[in-house]
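Beneath this line is the structure, given in structure tokens, with notes to follow.
Numbering (my numbering), first residue to last: 284 to 477.
Set out below in structure tokens:
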């Protein structure tokens, strides 16, 4: 009997220490205003100093230490209360940024305190825009992943949030990305085109 108590005491202590280590390892965040919405982003995500037209926030997400992956980038776009096009049009446009061959796609929808949202996840070969978008030049980036969100703000229209980069880095950043705008994967449901 005493042996069982010692074993269970050891298990409880180990679990308690593991939880403490995990809590300490959780990265600190900072609040960033992007137009009307507020994002909670990890402190390691570096804000861009100069923004291009319609980009209201931009962050570089560094590759993890010891890995030879490319960095990832998070960009928030806003085109005004009526701008940016419809949800289905944007899903179709974003889908085309990944080569059809080998492309995997999942679309869900949910709700946050900041508004309803549609969440698109793509993986495969990303055709990264190089230079001004009007020139249409791209560079193929195999083993990539993209997370795309259309967040419908209550007062100022749609915000378009995009995280793209190396598959492993984006995958490991997906929970922080969702949390940044208040998303919750466990409460999302499948999105069906209108």
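Cβ atoms here follow ideal geometry from the backbone N, Cα and C, with glycine treated the same way.
Checklist entry - From which residue to which residue does the alpha helix (DSSP H) around residue 451 run? => result For this step, residue 451 is matched to residue 168 along the chain shown. Where residue 451 is concerned, the enclosing alpha helix (DSSP H) stretches over 450-464.
Checklist entry - Should the region 400-418 be regarded as contacting the region 370-384, the criterion being three or more beta carbon pairs within less than 8 Å? => result yes
Next on the checklist: From the DSSP secondary-structure annotation, give me the bridge partner or partners of residue 340.
Outcome noted: As a position in the chain shown, residue 340 is number 57, starting the count at 1. The partner list for residue 340 (beta bridge, DSSP) reads 359.
Next on the checklist: Please state the DSSP three-state secondary structure of residue 445.
Outcome noted: Residue numbering aside, residue 445 sits at position 162 when the chain shown is read from its first letter. Strand, per DSSP.
Item to check | Alpha-carbon spacing of residue 453 relative to residue 430, whole angstroms | outcome: The sequence position of residue 453 within the chain shown is 170, counting from 1. The sequence position of residue 430 within the chain shown is 147, counting from 1. If I take the Cα positions, the gap works out to 8 Å.
Checklist entry - How should residue 459 be labelled, buried or exposed, when 16 other C-beta atoms within 10 angstroms of its C-beta is the threshold for buried? => result As a first step, residue 459 is located in the chain shown; it is residue number 176 there, counting from the start. By the 10 Å Cβ count, residue 459 comes out buried.
Checklist entry - Which whole-angstrom value describes the C-beta separation of residue 448 and residue 355, a residue pair presumed to lie in contact below a C-beta threshold of 8 Å? => result The count along the chain shown starts at 1 and reaches residue 448 at position 165. The count along the chain shown starts at 1 and reaches residue 355 at position 72. Correct: roughly 3 Å between the Cβ atoms.
Item to check | 8 Å Cβ cutoff met for residue 443 and residue 373 | outcome: By 1-based counting over the chain shown, the position of residue 443 is 160. By 1-based counting over the chain shown, the position of residue 373 is 90. Contact: yes.
Next on the checklist: Let's test the definition: count the other Cβ atoms within 10 Å of the Cβ of residue 398 and tell me whether it reaches 16, buried, or not, exposed.
Outcome noted: Stepping through the chain shown from its first residue, residue 398 is reached at position 115. It counts as buried.
Item to check | Sequence-distant residues of its chain with Cβ nearer than 6 Å to residue 408 (five each side left out) | outcome: Taking the chain shown and counting its residues from 1, the one referred to as residue 408 is at position 125. 382, 423 and 425.
Item to check | C-beta contact flag for residue 441 and residue 367 at 8 Å | outcome: One-based indexing of the chain shown puts residue 441 at position 158. One-based indexing of the chain shown puts residue 367 at position 84. Their beta carbons are under 8 Å apart, which means residue 441 touches residue 367 by this criterion.
Item to check | For residue 313, the nearest candidate out of 370, 338, 337 and 342 (CA to CA) | outcome: The residue given as residue 313 occupies position 30 in the chain shown. Measuring from the Cα of residue 313, the nearest candidate turns out to be 342.
Next on the checklist: Between the alpha carbons of residue 462 and residue 434, how many angstroms are there, rounded?
Outcome noted: Counted from its first residue, the chain shown places residue 462 at position 179. Counted from its first residue, the chain shown places residue 434 at position 151. Whole-angstrom Cα-Cα distance: 13 Å.
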